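What follows is a short report on a single structure.
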Amino acid sequence: MNISQESDNIIENYEKNTDSLINELNIVNSEIQYIIKRRNQLENVKKDIERDLYYTCNHEFILDNKDCYDDICKYICKKCKCYENEYMYKNYTYS
Ligand SMILES: [Zn+2]
Numbered sequence: 007m008n009i010s011q012e013s014d015n016i017i018e019n020y021e022k023n024t025d026s027l028i029n030e031l032n033i034v035n036s037e038i039q040y041i042i043k044r045r046n047q048l049e050n051v052k053k054d055i056e057r058d059l060y061y062t063c064n065h066e067f068i069l070d071n072k073d074c075y076d077d078i079c080k081y082i083c084k085k086c087k088c089y090e091n092e093y094m095y096k097n098y099t100y101s
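Written as structure tokens, this is what we have:
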């Protein structure tokens, strides 16, 4: 193998490696996009469930122990964990 062939091989290997890394990156990016989309879907499902829970649970509100910077989250149901604030749930639209 002469110098020129060797350098051609190095370039070819480098390109192969670069191509496979680009492919790998594209696959990872696709996975991330899928997870973000799925997460958003699940957040919407969660909101729907919380809204239904707010109107179905026979709440037992207790003072929330967590640090709370305003009154919106002062009381929480010890069964369903909804806050004692209808406005947090009544404006949810079903997904
Ligand atoms: Zn409840």
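Position one of the sequence shown corresponds to residue 7 (our numbering), numbered consecutively onward.
Glycine is no exception: its CB is placed at the ideal position from the N, C-alpha and C atoms.
In this text the structure is predicted, and so the values were computed from the model without any measurement.
Original post:
Looking at K85 and ligand 1, is the gap between the Cβ and the nearest heavy atom below 7 Å?
Top reply: The residue labelled residue 85 in the question sits at position 79 within the sequence shown. If you check the C-beta of K85 against ligand 1, you find a heavy atom less than 7 Å away.
Original post:
Touching or not, the stretch 57-72 and the stretch 84-98, by the rule of three or more beta carbon pairs under 8 Å?
Top reply: In this structure the stretch 57-72 touches the stretch 84-98; the number of beta carbon pairs closer than 8 Å is three or more.
Subject >> Neighbour-count burial assignment, I55, 16 or more Cβ in a 10 Å radius >> reply: Here the question's residue 55 lines up with position 49 in the sequence shown. Result: exposed.
Original post:
Which two residues bound the contiguous beta strand (DSSP E) that contains Y81?
Top reply: Here the question's residue 81 lines up with position 75 in the sequence shown. Residues 81-83.
Subject >> Residue environment, I82, which counts as buried when at least 16 other CB atoms sit within 10 Å >> reply: Working through the sequence shown from its first residue, we reach residue 82 at position 76. By the 10 Å Cβ count, I82 comes out buried.
Original post:
With distances taken from CA atoms, which of I42, Y20, E92, R45 is nearest H65?
Top reply: Numbered from 1 along the sequence shown, position 59 holds the residue referred to as residue 65. The option with the nearest alpha carbon to H65 is E92.
Subject >> Bridge partner(s) assigned by DSSP for Y40 >> reply: The count along the sequence shown starts at 1 and reaches residue 40 at position 34. Y40 pairs with nothing; no bridge assigned.
Subject >> Close beta carbons around I102, own chain, < 7 Å, minus the five adjacent residues each side >> reply: No answer is possible for residue 102: the residues shown for the chain start at 7 and end at 101.
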